[in-house]
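Residue numbers (mature numbering (1 follows the signal peptide of the UniProt record, and there is no 0)): -19 to -1, 1 to 50.
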Amino acid sequence: MRRFGVFLAFLLLTVCVFAESPKDWTTPVAPFKIADNLYYVGSRDLASYLVTTPEGGILINSSLESSRL
């Protein structure tokens, strides 16, 4: 039983250490070109892409409402 308690404490501490706060993965990143007409316009860990065409741009957005471009 003591081993289980030690294991559980270790597991909880490990999760706390490696847990990221939303501030980390919503950190702004400067847009950059990926290919011909494809640009990364997302944040650090939330991808958003912009495809440019002569008619206009197409935004493929997987970001949060709070991280609007």
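Ideal Cβ placement from N, Cα and C applies to all residues, glycine included.
- Between Leu27 and Thr7 the beta-carbon gap is near 6 Å, inside 8 Å, which marks them as a contact.
- With respect to the C-alpha of Arg25, the residue from Asp5, Phe13, Thr33 having the closest C-alpha is Asp5.
- Cβ contact annotation for Ile41 (same chain, cutoff 6 Å, sequence separation greater than five): Tyr30, in chain order.
- Per the coordinates, the alpha-carbon of Tyr20 lies some 15 Å from the alpha-carbon of Pro9.
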